[in-house]
Amino acid sequence: MAFDPQREDYQRLGLRFAQTLDGTDAASATHSFASFGRRFAHDRDSLPQSDADRAFHLVAMATKLIDYQLPFADDETAKELIASGHRLLDEALVLDPHCYDAIRMKIAAQAPTFEEFLGFLRDQADEVRAHCERQQQAQATGIDSERSRLRADLAMRPYLRWLSTQAEQALICGRNREALALALECLRIDPHDVADARFSVALAYAKLEDEAGLDSFVDRLQQHGSMRPANDAWTLLSRLAMRFKALDTEGAQDWVSELIRTYPHAAEALIRQTELPVGIFARISTVPYSEDELIVAISEATILLQEGVDPMERGALGTWLATEVARQQPQAMLAIMSEQQRQQNGRRA
31 MAFDPQREDY QRLGLRFAQT LDGTDAASAT HSFASFGRRF AHDRDSLPQS DADRAFHLVA
91 MATKLIDYQL PFADDETAKE LIASGHRLLD EALVLDPHCY DAIRMKIAAQ APTFEEFLGF
151 LRDQADEVRA HCERQQQAQA TGIDSERSRL RADLAMRPYL RWLSTQAEQA LICGRNREAL
211 ALALECLRID PHDVADARFS VALAYAKLED EAGLDSFVDR LQQHGSMRPA NDAWTLLSRL
271 AMRFKALDTE GAQDWVSELI RTYPHAAEAL IRQTELPVGI FARISTVPYS EDELIVAISE
331 ATILLQEGVD PMERGALGTW LATEVARQQP QAMLAIMSEQ QRQQNGRRA
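In the numbering used here, the protein residues as written are 31 to 379.
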C-alpha cells in the first residue's frame, strides 16, 4: 500500500485526461484513452496537465534519484544525484509554491537536526492540512463516482505524507506518545492506510513497552478486514523487542522464528541489520514479505535494536537478535562469513 510516486503521477494525469473525454461518445473515448499510456511514457508534454501536475512529476523524478538510487551510489555519483534531486525540487516549487511534498523534502535535507525537522513539520502541519482539505473539497463533486473519489483521495495525500513523516521523526526523536498519536491520526483520516502508518504504530507501542496496546490495535485492524495480516516485519520486530525487554527470552525466540518463517531469506538480513537512509518522499515502496521490505523494517527498527550500551555498538537487542538468528540458522552466518572472506581476499589482490 505504500506511496508510489510514479503510480500517483500516472493517476493524476489519467484523471485529467479522462476529464477531457467527458461528453464524447464511448467508442471515441475508448480509442483516445488507448493511447494514454504511450503518450504518458513517451510524449508527456502532449497530455493536458496543470502546473501542480508538472510539479508533482518533478517530485516523482527527484524521489527516484534520492530515495531509490542514492542509497546504492558511490560518493561521486551520490553528489550528482543529490544536486539533481534538489534542482528538480526547486523547479517543482517554482511551478507550484504549494507543492508540500517538495517543501517537506527540501527541509528534510536542510534541517541541521532531527528535532529541528520535527519542529518544522509541527509548525506547518495545520497549513498543509487546510490546503489539502480545500483541494479535496474542490475535487469531491459527484463523490459517488470512482473518479471523484480518486481525485479527493489524491488531494489529501500530501498531508498524509506530511503526517506520517512527522510520526516517523517523532519516533527518531524519542517522542513516542506523540508518534503514536500522529500515526493513529493518519489511520483515522485514511483507514485503508496507504501511508503504512500502522508500521509506525507498532514501533511506537514497542518503545512505550505497551504490549496490551499493540494487541488491541492489531485486533482492531483484523476486524477492519481491509489490510494484510499483522505479521509484517515491523509488528514482529516490535513484539520480539517487548518480549526481550520483559526478559522473556523464550518468547523473544519464538518471534524470531516467526520472522524467519514469514520472510524468505530473513536470516542474513537479521544478522546484518543494515541501516538505510529514511525515504524523504515516503517510506520506500517494497513488495510485501520480500527481503527488501524486511531490510526497510530492520532499518526503521534501529530505534529498538540499538537501545542500550553494547560492546558491538549494536545495542543489546541488536546483538542478541544477530546471535539468536545465527543459532537458529547457522548456514546464514556461514554465508556471511564466506562473503566477508571473499571481500577481504579481493581487497588484498
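Built from N, CA and C at the ideal position, the CB exists for glycine as well.
Taking the beta carbon of residue i as the centre, do at least 16 other beta carbons fall within 10 Å, making it buried, or is it exposed?
i	result
Glu354	buried
Thr50	exposed
Gln196	buried
Ile173	Unreliable placement is indicated for Ile173, whose pLDDT of 49 sits below 50; the coordinate value is still reported in the next sentence. Ile173 is exposed by the Cβ-count criterion.
Met367	exposed
Lys136	buried
Pro259	exposed
With distance defined between alpha-carbon atoms, name the residue in the options nearest to residue i.
i	options	result
His254	Arg187, Asp105, His222	His222
Ala312	Phe150, Arg177, Trp192, Met367	Trp192
Gly204	Cys216, Ser178, Leu217, Ala234	Ala234
Cys216	Arg159, Ala139, Thr279	Arg159
Glu157	Pro127, Ile333, Gly115	Pro127
Val286	Tyr130, Asn261, Glu305, Leu306	Asn261
Using 7 Å as the threshold, is the C-beta distance between residue i and residue j below it?
i	j	result
Ala352	Ile301	yes
Asp34	Ser315	yes
Ala225	Leu266	no
Val89	Ala155	no
Leu43	Leu77	yes
Ser268	Ala227	no
Ile325	Ala299	yes
Considering just the uninterrupted stretch of the alpha helix (DSSP H) at residue i, what are its terminal residues?
i	result
Ile314	No alpha helix (DSSP H) holds Ile314; DSSP gives it neither H nor E.
Met135	130-140
Phe47	35-50
Val355	346-358
Asp322	321-330
Arg69	66-72
Asn206	206-219
Does the ligand SAM have even one heavy atom less than 6 Å from the beta-carbon of residue i?
i	result
Thr292	Among the components of this structure there are no ligands whatsoever, and the ligand SAM is therefore not found.
If I measure Cβ to Cβ from residue i and keep anything under 8 Å in the same chain, skipping five residues before and after, which residues do I get?
i	result
Leu364	none
Phe147	Ile137, Ala138, Ala141, Gln199
Identify, in the order they occur along the chain, each residue of the same chain with its Cβ nearer than 7 Å to the Cβ of residue i, setting aside the five sequence neighbours on each side.
i	result
Gln336	Arg344, Gly345, Gly348
Gly309	Asp97
Arg273	Gly281, Ala282, Trp285
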